[in-house]
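When we follow numbering that gives the first Met the number 0, the leftmost residue of the sequence shown carries the number 0, and every step to the right adds one. Even glycine gets a Cβ: it sits at the ideal position worked out from N, Cα and C. Reviewing the structure listed below.
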Amino acid sequence: MRKSLLLSVNVLCATVLAAQNPPAPPAPPAATQAKLSVHWEELTAADFKDAIGRAQGTCLLPFGIMEKHGPHLPLGNDLINVRYVAINAAQQEYAVVFPEYYFGQIFEAKHEPGTVAYSRGLQLQLLQETTDEMARNGCKKIIIVNGHGGNNSLLPFFAQSQLEMPHDYVVYVQSIARSAPGEPAHKSDRSTDMHAGESETSVSMIARPDLVHLDRARQESGADQARLKGLPEGLYTGIWWYARFPNHYAGEGAVASRELGQFEVKSWTDAIVQAIKAVKADAESLRLQTEFYERSKHPLDTPQ
Ligand SMILES: [Zn+2]
0 MRKSLLLSVN VLCATVLAAQ NPPAPPAPPA ATQAKLSVHW EELTAADFKD
50 AIGRAQGTCL LPFGIMEKHG PHLPLGNDLI NVRYVAINAA QQEYAVVFPE
100 YYFGQIFEAK HEPGTVAYSR GLQLQLLQET TDEMARNGCK KIIIVNGHGG
150 NNSLLPFFAQ SQLEMPHDYV VYVQSIARSA PGEPAHKSDR STDMHAGESE
200 TSVSMIARPD LVHLDRARQE SGADQARLKG LPEGLYTGIW WYARFPNHYA
250 GEGAVASREL GQFEVKSWTD AIVQAIKAVK ADAESLRLQT EFYERSKHPL
300 DTPQ
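Put into structure tokens, the structure is as follows:
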């Protein structure tokens, strides 16, 4: 009696459960199943293999930084913006995009809150080990997409130093490419529009408008303070940036616009798409690099 009551209760429960849980939805169409994320960290191990194949071994390493961006933009502005354009570009011309990377050159902002400035040696070692690990996983063509002006000397040096010893992969560097012919007129002086100014703020208004505090953009001056006037052009010293822009702000963020931002986001994205296509088609760089490594082992055999 008791057993059969339990059985009836179980049957009842199963019936109620079946009524509450509708049948599983139909399997997604093949096109959805075949869609691979461009984000390295979103892929399963098996999908990662397919992704590297689809990308023809071409991977992006968007490179940001953590630093003050005037009084009105977030610390991670460069990381956010460069990832926005790199991910959009990779979705147009498939490439695998490495996760967040912001371990670059930013000593000149160490006096400002929130700056993360790793030592010189670590920057180079971490970048080398990162590209080595990418290549070990099939990224034989790595495009470092720079999003931070303070890396403008570091990255070509890093790429050049790949000739120090043999690698089975090629490093390319795509610089910031916001400007293009046909650009809307700027409202501020372009020669000092360098950091959190009109151009960069406009891009942020497209990438993450919720993080742009345009109403605060005039709380500090982004004017050039020109405190090293005595030094001739062509003579470099590291304190130059602080001498000119001690607030870590160069330009006028307050005059930024979504119109300019849309144009500059498209220019930058298009430049990355072109870079991915060119890199996929490039067999010559690796061939010449390999030839060079071989010859560099015995320079006396190089015809003179
Ligand atoms: Zn920036």
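- Between HIS71 and GLY252, the gap from beta carbon to beta carbon is short of 8 Å.
- Bounds of any alpha helix (DSSP H) do not take in LYS109, whose DSSP letter is neither H nor E.
- The continuous alpha helix (DSSP H) containing VAL278 extends over residues 257-280.
- In the structure shown, VAL202 adopts helical secondary structure according to DSSP, grouped into three states.
- Straight-line measurement puts the Cα of LEU59 at about 14 Å from the Cα of LEU154.
- Of all alpha-carbon atoms in GLN122, GLN224, TYR93 and PHE47, the one lying nearest the alpha-carbon of THR57 is that of TYR93.
- Residue ASN76 holds the alpha-carbon nearest to the alpha-carbon of GLY63 among ASN76, GLN55 and GLY69.
- Looking from the CA of ARG135, the closest CA among HIS166, TYR101, GLY120 and LEU227 belongs to HIS166.
- Secondary structure note for THR57: its beta strand (DSSP E) is the uninterrupted segment 57-62.
- The C-beta distance from ILE271 to VAL144 rounds to 6 Å, short enough to fall under 8 Å.
- The closest CA to that of SER201, considering only GLU163, GLY250, ALA280 and SER190, is found on GLY250.
- Closest in alpha carbon position to MET164, among SER295, MET193 and HIS38, is SER295.
- Between GLY146 and GLU107, the C-beta spacing is not below 8 Å.
- Rounded to the nearest whole angstrom, the C-alpha separation of ALA206 and GLU263 is 11 Å.
- When secondary structure is reduced to three states using DSSP, ASN150 falls in the helix class.
- ALA184 and ARG177 have their C-alpha atoms some 14 Å from each other.
- Closest in alpha carbon position to ARG53, among GLN159, ARG286, GLU258 and GLN91, is GLN91.
- For LYS140, no alpha helix (DSSP H) segment is defined; the enclosing uninterrupted segment is the beta strand (DSSP E) at 140-145.
- The three-state reading of DSSP puts GLN173 in strand, counting E and B together.
- Separation of THR236 and LEU230 (C-alpha to C-alpha, rounded to the nearest whole angstrom) is 9 Å.
- Its chain contains GLY146, VAL202, SER203 and ALA206 as the residues whose beta carbon lies nearer than 7 Å to that of ASN80, once the 5 sequence neighbours on both sides are disregarded; these appear in chain order.
- When only Cα atoms are considered, TRP39 and CYS138 end up about 11 Å apart.
- When the alpha-carbon of ARG243 is set against those of ASP192, GLU293 and SER198, the nearest one is in ASP192.
- The DSSP-derived three-state label of ALA249 is strand.
- In the three-state scheme derived from DSSP, where H, G and I count as helix and E and B as strand, PRO165 is classed as coil.
- In the structure shown, the three-state DSSP call for LEU72 is strand.
- It is roughly 7 Å from the alpha-carbon of LEU162 to the alpha-carbon of TYR292.
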